[in-house]
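My numbering applies: residue -9 is where the sequence shown begins, and numbers increase by one.
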Amino acid sequence: MRRIGRRDIVAAILIALIAGAVFTSPPLQTLQGLSLDILTALRGKIIGDRRDPATSPVVVVAIDGETYDTPPFRGSPTQTWTREIGRVLGSIADGGAKVIGFDVIFKNSIEQSEIPFGDAPLGTRMRGFDRDYLIALRQISDNGKLVLGEILSNDHPEPPYRAQQLAVRNNVRALNVHTDADDVIRRMPLTFSIDGKPVPAMAVELAARALGAKVEIASSGAAELSGYAIPSAVPNTLTLNFRGLGHDIPAYSFADLRACVEKGDRDFFRRAFDGKVVLLGTILNFEDRKLTSMRLPGGHDGTPAARCALPVPASTAQRARSDIAGVFVHATVVRNLIEHDAVTEPGFPMRTVLTVLFAAVIAFAACMLAPGGAMIAWFGLTVVYTGVAVAAFVHALALPLTEPALASLAALAMMTGYRFVLADRDERFLRKSFAFYLAPEVIDTMVSSGKMPALGGEMRNVTMFFSDLSGFSSIAETMTPGGLVTLMNEYLSAMTDIIEGHGGYVDKYIGDSIVAMFGAPADDPAHARHAVHAALKCHEKLAELNANNPAFAGHGLSHRIGLNSGEAVVGNIGSPPPPPP
-9 MRRIGRRDIV AAILIALIAG AVFTSPPLQT LQGLSLDILT ALRGKIIGDR RDPATSPVVV
51 VAIDGETYDT PPFRGSPTQT WTREIGRVLG SIADGGAKVI GFDVIFKNSI EQSEIPFGDA
111 PLGTRMRGFD RDYLIALRQI SDNGKLVLGE ILSNDHPEPP YRAQQLAVRN NVRALNVHTD
171 ADDVIRRMPL TFSIDGKPVP AMAVELAARA LGAKVEIASS GAAELSGYAI PSAVPNTLTL
231 NFRGLGHDIP AYSFADLRAC VEKGDRDFFR RAFDGKVVLL GTILNFEDRK LTSMRLPGGH
291 DGTPAARCAL PVPASTAQRA RSDIAGVFVH ATVVRNLIEH DAVTEPGFPM RTVLTVLFAA
351 VIAFAACMLA PGGAMIAWFG LTVVYTGVAV AAFVHALALP LTEPALASLA ALAMMTGYRF
411 VLADRDERFL RKSFAFYLAP EVIDTMVSSG KMPALGGEMR NVTMFFSDLS GFSSIAETMT
471 PGGLVTLMNE YLSAMTDIIE GHGGYVDKYI GDSIVAMFGA PADDPAHARH AVHAALKCHE
531 KLAELNANNP AFAGHGLSHR IGLNSGEAVV GNIGSPPPPP P
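What follows is the structure, given as structure tokens:
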């Protein structure tokens, strides 16, 4: 592991700050949304966090494909369905529903049609067609149980037609959604400013009526409903918590409910809707589909609810889709509010701090470890942090995920570049300079110690080691050249291994003599002690060689070893090497 200096620490901190600032900056704000998407997917895969649809406080009545294919709706424009819609709504209200909200907008009435039909417009001939429907709306609205929907827009607003607004006494709320820069719905508006006053959005209004409370808006913009402080990372929004990936909300087919009205089964309506918030909306393959934070794992258009009158269609199996019917976005808001289960997101300062800290840890790891080791550290830390984030998301806390992961990866790359260009330049140069006459272990010790000998020489306290064989000349005269070389190779190799094993550096061989030093070029505060231990070990090794090595047989070699500690000039003396690249 590489030692780091003061300059490295400053570099790591600066790199972490830069990476954190970049990946939490407004241009990359979509990363915050991507974190929500990934957490939603991982929670669904790892935890499998699904709730029983039967416990849902909100249900959906769906104008679905089955409705379009079932008489009397088959082949009829939706403007002609109003009488049947009124009958079904009346049965739902009588069944004990707390409140009914419209996620469909009937902008026009067939009574308004100007299409020629005979000698008069069609609308004239259909006068009174919507009377029963409007009466049903008035009766349900007078009991505080009905809210119609509208789309607010400066250019093309989409309100229900005027007669409906009058029937419900202007109990109309906005269905507008909050879309992020990547066209994904992860949050929903809480209120809209109408005539200078905050008016609750559709889902908020439904939840408030179900709870028998009103939304309280503080001067700071914070919202509270029935004692629940609604978390809002983006002002005036609620972050959606899709716990069940769409499975947790029952969906009733409007066609089956209409048949149930014909059947006269009031008990079914009581079992299905008593105490529930009801949303009327469409579930179609190509209309009102929304991308949400369920887009990665795929969401579902609710769970098919119990049937009353019609048989279950043959094609009821659902598959996960990247988009969901828009009515389930509003239904999720209602459930989040009633169950106090909206997602809490850390604010910008906390997200930035977490991202910078994560990047700093990886920057220091990249400073101390080799690139491969730093990459392993990044992967391991990311996996651990992801596990922590998923565990937090189970409790509706969305920690930043993509920002720390990407910022730390960028910090790793920047620190690796810093080391290659600046920090490791001297190390590479010294390794290259000493590679031809120092053992790799000694070079590693020099580098890790952080104290390099000055090129050109420096004063350092060292211990010199000198040894030679006694009577070597006489012994050499009795041996063949080949035998002498073998003997010396065995002897010098054994002694050198011992010296280097104790931290010494063999400077040169002079015939049978060995000149070595301890304390240079690698700094060693205990050089004297290590030199003594090496000398004693060399003495023992020579006795072992005389006894066991065939090359030493009959020679009885002995040697003399001298040690001296003191100041010496050490380093590269002579022609200066080329500067580092």
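Glycine residues also receive a C-beta, built at the ideal position from the N, C-alpha and C atoms.
Per DSSP, His549 is not a residue of any alpha helix (DSSP H); the beta strand (DSSP E) it occupies stretches across His549 to Val560. Bridge partners of Thr181 according to DSSP: Pro190. Taking a contact as a CB-CB distance under 8 Å, the pair Ala245 and Glu56 counts as one, their CB atoms being some 5 Å apart. With 16 or more other CB atoms across the displayed protein chains lying within 10 angstroms of its CB, Ser457 is buried. Gly561 sits away from Glu467, with the two beta carbons spaced by 9 Å or more. Straight through space, the alpha carbons of Leu412 and Arg177 are spaced by roughly 46 Å.
The way I'd put it, the stretch 392 to 401 does touch the stretch 346 to 365; three or more beta-carbon pairs between them come closer than 8 Å. Segment contact: the stretch 34 to 52 against the stretch 228 to 239, three or more CB-CB distances shorter than 8 Å; contact assigned. Within the same chain, and ignoring the five residues on either side of Glu195 in sequence, the residues whose Cβ sits closer than 6 Å to its Cβ are Val137 and Arg163. DSSP places Arg121 inside the alpha helix (DSSP H), whose first and last residues are Arg121 to Asp132. Straight through space, the alpha carbons of Arg248 and Phe232 are spaced by roughly 30 Å. Beta-bridge partners of Val302 (DSSP): none assigned. Take Glu148, set aside five residues on each side of it, and the residues of its chain with a beta-carbon closer than 8 Å to its own are Ile95, Lys97, Glu140 and Ile141, in chain order. From the listed residues Gly407, Thr372, Ser103 and Val51, the smallest Cα separation to Phe263 is found for Val51. Between Ser99 and Gln129 a beta carbon distance of about 19 Å is seen, past the 8 Å cut, so the two are scored as non-contacting. Per DSSP, Thr468 lies in no alpha helix (DSSP H) and is assigned neither H nor E. Across the structure, Leu344 and Ala2 are spaced so that their CA atoms are roughly 16 Å apart.
Excluding its 5 nearest sequence neighbours in each direction, Phe542 has C-beta neighbours in its own chain below 6 Å: Leu535 and Asn536, listed in chain order. In this model, Gln102 and Ser25 are separated by some 48 Å (Cα to Cα).
Shown here, Asn539 sits in coil according to DSSP, grouped into three states, outside any helix or strand. Secondary-structure assignment with DSSP links Lys280 through a beta bridge to Ile314.
Relative to Tyr242, the option among Asp54, Phe348 and Ile184 whose CA is nearest is Asp54.
Thr20 is positioned such that its CB atom lies no closer than 9 Å to that of Ala223. Within the same chain, and ignoring the five residues on either side of Pro221 in sequence, the residues whose Cβ sits closer than 6 Å to its Cβ are Ala332 and Thr334. Check the Cα spacing between Leu300 and each of Glu252, Ser15 and Val12: the tightest is with Glu252. Taking each of Trp71, Leu526, Thr476 and Met405 in turn and checking the Cα distance to Met365, the smallest one comes out for Met405.
Pairing Asp27 with Thr72 gives a Cβ-Cβ distance that is not under 9 Å. In this chain, the beta strand (DSSP E) harbouring Pro240 covers Pro240 to Ser243. Ser103 carries a coil assignment under DSSP once its states are collapsed to helix, strand and coil. Residue environment: Glu393 is assigned as buried (16 or more neighbouring CB atoms within 10 Å of its CB, all protein chains considered).
With contacts defined by Cβ atoms closer than 9 Å, Ala212 and His320 do not form a contacting pair. Asn226 places its beta carbon 9 Å or farther from that of Leu165. Selection Met478, Arg450 and Asp132 evaluated against Phe462 yields Met478 as nearest (Cα-Cα). Contact annotation: Ala9 and Ala395 have beta-carbon atoms that are not nearer than 9 Å. For Ser398, the enclosing alpha helix (DSSP H) stretches over residues Thr392 to Tyr408. Residues Pro43, His237 and Pro240 of the same chain have their beta carbon placed closer than 6 Å to that of Thr293, with the five preceding and five following residues left out of the count.
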